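**Student:** Per this note's numbering, the very first residue in the sequence shown carries number 5; after that it's consecutive.
The beta-carbon is built from N, C-alpha and C at its ideal position, and this holds for glycine as well.
Since we're looking at a predicted model, the values are computed, not measured.
First the structure, then my questions, so here it is.
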Amino acid sequence: MGETYVDGDIESDDLTAVLRVLARNLGVSTAVDGGVSSIARWRDILWHCLRSNTIIGSRRNIAAHYDLSNEFFATFLDPTMTYSCGVFEQPDATMQQASLSKYARICQKLRLHPSDRVLEIGSGWGGFARYAALNVGCHVTSTTISQNQFEYSRRSLEDAGVGDRVTLLQRDYRQLEGRFDKLVSIEMIEAVGERYLPIFFNKCCELLRPDGAMLLQAITIPDHRYDHYRRSVDFIQKHVFPGGFLPCSAAIGDCLRRQTDFRMFSWEEIGPHYAKTLRRWRQAFRQNVSDVRALGFDDRFVRLWEYYLRYCEAGFAERQIGAAQLVLTKPASRLPDFIQSPLQTYPARSAV
5 MGETYVDGDI
15 ESDDLTAVLR
25 VLARNLGVST
35 AVDGGVSSIA
45 RWRDILWHCL
55 RSNTIIGSRR
65 NIAAHYDLSN
75 EFFATFLDPT
85 MTYSCGVFEQ
95 PDATMQQASL
105 SKYARICQKL
115 RLHPSDRVLE
125 IGSGWGGFAR
135 YAALNVGCHV
145 TSTTISQNQF
155 EYSRRSLEDA
165 GVGDRVTLLQ
175 RDYRQLEGRF
185 DKLVSIEMIE
195 AVGERYLPIF
205 FNKCCELLRP
215 DGAMLLQAIT
225 IPDHRYDHYR
235 RSVDFIQKHV
245 FPGGFLPCSA
255 AIGDCLRRQT
265 DFRMFSWEEI
275 GPHYAKTLRR
285 WRQAFRQNVS
295 DVRALGFDDR
305 FVRLWEYYLR
315 YCEAGFAERQ
325 IGAAQLVLTK
335 PASRLPDFIQ
345 SPLQTYPARS
355 AV
């Protein structure tokens, strides 16, 4: 259906509603899809395998999505340029407020302190590093393998006056060295790939001090769908995120048990916030579609992104995909219990 819509062969007055119905009946839809064309299915699987997230392959895959242009992403992201699930503390919160609330919760959960040395794997456009440096005063080392994100983040960190508190790297997570007090990775794990999940968690564990802690924000697939998902290639993997892969909670737990000495300290599901985040992005994208076209993107590209944003919104709304914030602690960590030790608040100065 996605390719048919992108090609302009079908229209819908409420595409999100249609996709929600399909998501609600996913078992039937999957069975129908599975019999359409085994040749096409194996062709897609072969293509996906060729997009493996090796160190070289990861750079190519990331560039295919994140390096479309910073100006393009600015047409629908909020002023913090945050491209991950927000947390809406109030129903009428703006997208920018939801992004800042998410960053605040991360700092709170890790009990970040000015003396902490923090590693961020997956800089995005620098939103978290700016927020933590401004509001906590800690030192952040942040890495991205996107050229566009690196250049944008470098400028924005200098403009925010925190260039001396943030070290920005262009380095694959597998090539990182050092020891840190805290580690943050916000929706970067989806670019790791199933084959490299054990390596990712092992590396994160290795980069933390014995009393360290990590916050991982991840998009997840339900456990009961995982086996089918890992043996197929969906619309997002084929057309939007080459090399993308969503882990399930069981796969994450298995990696933690086999590859690390991490303890699962907490798991908070924030998936419902993602449906709202995607709806806000879609509305901004539609409102600024003339700017998208002015950047040189054609009608097919516009339809692809409209479908992608609606497809994901429907998936989160119907709980067919989830999002979670996990706090993982090392054996010597003494992170206080959230209930007995209330979360610290931060002044939330502008991270723009």
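1) Checking 8 Å against the spacing of the C-beta atoms, do ASN65 and ALA195 come in under that value?
2) Is it right to say VAL296 is buried, meaning 16 or more other beta carbons lie within 10 angstroms of its own, or is it exposed?
3) Taking the straight line between their C-alpha atoms, what separation do you get for GLU15 and ALA68?
4) Would SER157 be called buried (16 or more neighbouring beta carbons within 10 Å of its own) or exposed?
5) Note the first and the last residue of the continuous alpha helix (DSSP H) segment covering THR333.
6) Nearest to TYR255 by CA position, among ARG283, TRP285 and THR224, is which residue?
7) Does the stretch 143 to 155 come close enough to the stretch 123 to 131 to have 3 or more Cβ pairs within less than 8 Å?
8) Can you give the beta carbon distance from LEU332 to PHE239, rounded, assuming they're within the 8 Å contact cut?
9) Using only the alpha-carbon positions, how far apart do LEU219 and ASP185 sit?
10) To the nearest angstrom, how far is the alpha carbon of GLY39 from that of ARG134?
11) Closer than 6 Å by C-beta to TYR233: which residues in its own chain qualify, once you throw out the five before and the five after it? Chain order, please.
12) Check whether the stretch 241 to 251 and the stretch 279 to 292 touch, using three or more Cβ-Cβ pairs below 8 Å as the test.
13) Assuming GLY61 is part of the alpha helix (DSSP H), what are its boundary residues?
14) Where do the N-terminal and C-terminal ends of the beta strand (DSSP E) with ASP185 fall, by residue?
15) What are the boundary residues of the alpha helix (DSSP H) that ILE103 is part of?
16) If you measure between the beta carbons of ALA318 and LEU23, is that distance less than 8 Å?
17) Please report the straight-line C-alpha distance between ASP176 and ASN57, rounded to a whole angstrom.
18) On the DSSP bridge assignment, give the partners of ARG121 in chain order.
19) Please say whether GLN100 and ASP82 have beta carbons closer to each other than 8 Å?
20) Comparing C-alpha positions only, which one of ARG28, THR84 and ALA108 sits nearest to VAL357?
21) Out of LEU138, ILE325 and PHE305, state which residue places its alpha-carbon closest to the alpha-carbon of PHE249.
22) Could you tell me the distance, in whole angstroms, from the CA atom of CYS89 to the CA atom of ASP231?
23) In whole angstroms, give me the CA-to-CA distance for PHE92 and LEU172.
24) In angstroms, rounded to a whole number, what distance separates the CA positions of VAL36 and TYR312?
25) Can you list, in chain order, the residues of its chain whose CB lies under 6 Å from that of LEU19, leaving out five sequence neighbours each side?
26) Out of LEU201, ARG304 and GLY216, which one is the CA nearest neighbour of TYR9?
27) Would you decide whether ASN29 is buried or exposed? Buried here means 16 or more other CB atoms lie within 10 Å of its CB.
28) Quick test of your reading: LEU116 and VAL140, contact by CB under 8 Å. State the CB separation rounded to the nearest angstrom.
29) If I measure Cβ to Cβ from SER270 and keep anything under 6 Å in the same chain, skipping five residues before and after, which residues do I get?
30) Can the beta-carbon of ARG183 be found closer than 8 Å to that of ARG213?
31) Give the range of the alpha helix (DSSP H) segment to which TRP129 is assigned.
32) When DSSP labels each residue in this structure, what does ASP4 get in the three-state scheme?
33) What does DSSP give as the partner residues of SER270 in its beta bridges?
34) My parser needs the beta strand (DSSP E) runs of 3 or more residues fully inside the stretch 212 to 285; what are they?
35) By alpha-carbon positions, which one of LYS334, GLU322 and ALA327 ends up nearest to ALA21?
36) Would you verify that the beta carbon of ASP231 is, or is not, closer than 8 Å to some beta carbon of chain C?
**Tutor:** Let's see:
1) Locating residue 65 in the sequence shown gives position 61, counting from the first residue. Locating residue 195 in the sequence shown gives position 191, counting from the first residue. Contact: yes.
2) The sequence position of residue 296 within the sequence shown is 292, counting from 1. Counting Cβ neighbours within 10 Å, VAL296 comes out buried, since at least 16 surround it.
3) Translated into the one-based positions of the sequence shown, residue 15 becomes position 11. Translated into the one-based positions of the sequence shown, residue 68 becomes position 64. Each residue's Cα considered, the two are about 27 Å apart.
4) Mapped onto the sequence shown, residue 157 falls at position 153. Counting every other CB atom within 10 Å of its CB across the protein chains shown gives SER157 a total of 16 or more, marking it as buried.
5) Taking the first residue of the sequence shown as 1, we reach residue 333 at position 329. No alpha helix (DSSP H) contains THR333, which is instead part of the beta strand (DSSP E) from 326 to 333.
6) Residue mapping note: residue 255 aligns to position 251 of the sequence shown, counting from 1. The question names Tyr, but residue 255 is Ala in the sequence shown. When C-alpha distances from ALA255 are compared across ARG283, TRP285 and THR224, the shortest belongs to THR224.
7) Enough Cβ pairs lie closer than 8 Å, so yes.
8) Numbered from its first residue, the sequence shown carries residue 332 at position 328. Numbered from its first residue, the sequence shown carries residue 239 at position 235. At roughly 31 Å, the Cβ-Cβ gap does not stay under 8 Å, so LEU332 and PHE239 are not in contact.
9) Translated into positions along the sequence shown, residue 219 becomes position 215. Translated into positions along the sequence shown, residue 185 becomes position 181. When rounded, the distance between both Cα atoms is 12 Å.
10) Numbered from 1 along the sequence shown, position 35 holds the residue referred to as residue 39. Numbered from 1 along the sequence shown, position 130 holds the residue referred to as residue 134. Residue placement at GLY39 is flagged as unreliable, the pLDDT there being 43, under the threshold of 50; the coordinate-derived value follows with that caveat. Those two C-alpha atoms are separated by around 49 Å.
11) Translated into the one-based positions of the sequence shown, residue 233 becomes position 229. The beta carbon of TYR233 sits closer than 6 Å to those of ILE225, all from its chain and outside the five residues before and after it, given in chain order.
12) Short answer: they don't touch.
13) The count along the sequence shown starts at 1 and reaches residue 61 at position 57. First-last of the alpha helix (DSSP H) with GLY61: 59 to 70.
14) In the sequence shown, residue 185 corresponds to position 181, counting from 1. Counting along the chain, the unbroken beta strand (DSSP E) around ASP185 starts and ends at 184 to 190.
15) Start at 1 with the first residue of the sequence shown, and residue 103 comes out as number 99. It should be noted that the sequence gives Ser, not Ile, for residue 103. Where SER103 is concerned, the enclosing alpha helix (DSSP H) starts and stops at 99 to 113.
16) Counting from one through the sequence shown, the residue named residue 318 turns up at place 314. Counting from one through the sequence shown, the residue named residue 23 turns up at place 19. Going by C-beta atoms, ALA318 is nearer than 8 Å to LEU23.
17) Position 172 of the sequence shown, counted from the first residue, corresponds to residue 176. Position 53 of the sequence shown, counted from the first residue, corresponds to residue 57. Across the structure, ASP176 and ASN57 are spaced so that their CA atoms are roughly 11 Å apart.
18) Here the question's residue 121 lines up with position 117 in the sequence shown. Paired residue(s): HIS143.
19) Taking the first residue of the sequence shown as 1, we reach residue 82 at position 78. Taking the first residue of the sequence shown as 1, we reach residue 100 at position 96. A contact, by the Cβ cut-off of 8 Å.
20) Not covered by the structure: residue 357. The range shown for the chain is 5 to 356.
21) Translated into the one-based positions of the sequence shown, residue 249 becomes position 245. Nearest of LEU138, ILE325 and PHE305 to PHE249, Cα basis: ILE325.
22) Position 85 of the sequence shown, counting from 1, holds the residue named residue 89. Position 227 of the sequence shown, counting from 1, holds the residue named residue 231. Going by the C-alpha atoms only, they are around 25 Å apart.
23) Taking the first residue of the sequence shown as position 1, residue 92 is located at position 88. Taking the first residue of the sequence shown as position 1, residue 172 is located at position 168. One C-alpha to the other measures close to 29 Å.
24) The residue given as residue 36 occupies position 32 in the sequence shown. The residue given as residue 312 occupies position 308 in the sequence shown. Confidence at VAL36 is low in this model, with a pLDDT of 38, below 50, so its placement is unreliable and the value that follows should be read with caution. Separation of VAL36 and TYR312 (C-alpha to C-alpha, rounded to the nearest whole angstrom) is 21 Å.
25) Translated into positions along the sequence shown, residue 19 becomes position 15. Setting aside the 5 residues that flank it on each side, LEU19 is surrounded in the same chain by ARG314, each with a C-beta closer than 6 Å to its C-beta; the list follows chain order.
26) The count along the sequence shown starts at 1 and reaches residue 9 at position 5. Per the C-alpha coordinates, the member of LEU201, ARG304 and GLY216 positioned closest to TYR9 is ARG304.
27) Taking the first residue of the sequence shown as 1, we reach residue 29 at position 25. Taking every protein chain shown into account, the CB of ASN29 has fewer than 16 other CB atoms within 10 angstroms, so this residue is exposed.
28) Taking the first residue of the sequence shown as position 1, residue 116 is located at position 112. Taking the first residue of the sequence shown as position 1, residue 140 is located at position 136. Under the criterion of beta carbons closer than 8 Å, LEU116 and VAL140 qualify as touching, at roughly 5 Å.
29) By one-based count along the sequence shown, residue 270 stands at place 266. Excluding positions up to five away in sequence, the list reads VAL331.
30) Your numbering for residue 183 matches position 179 in the sequence shown. Your numbering for residue 213 matches position 209 in the sequence shown. Yes; because the gap between Cβ atoms is below 8 Å, this pair is in contact.
31) Numbered from its first residue, the sequence shown carries residue 129 at position 125. No alpha helix (DSSP H) holds TRP129; DSSP gives it neither H nor E.
32) Since the first residue shown for the chain is 5 and the last is 356, residue 4 is missing from the structure and cannot be characterised.
33) Residue mapping note: residue 270 aligns to position 266 of the sequence shown, counting from 1. Looking at the DSSP assignment, SER270 forms a beta bridge with VAL331.
34) Counting only unbroken stretches of 3 or more residues, the beta strand (DSSP E) elements lying wholly within the stretch 212 to 285 are 212 to 224 and 267 to 273, in sequence order.
35) For this step, residue 21 is matched to residue 17 along the sequence shown. Out of LYS334, GLU322 and ALA327, the CA that lies nearest to the CA of ALA21 is found in GLU322.
36) Protein chains in the displayed structure number just one, and chain C is not present.
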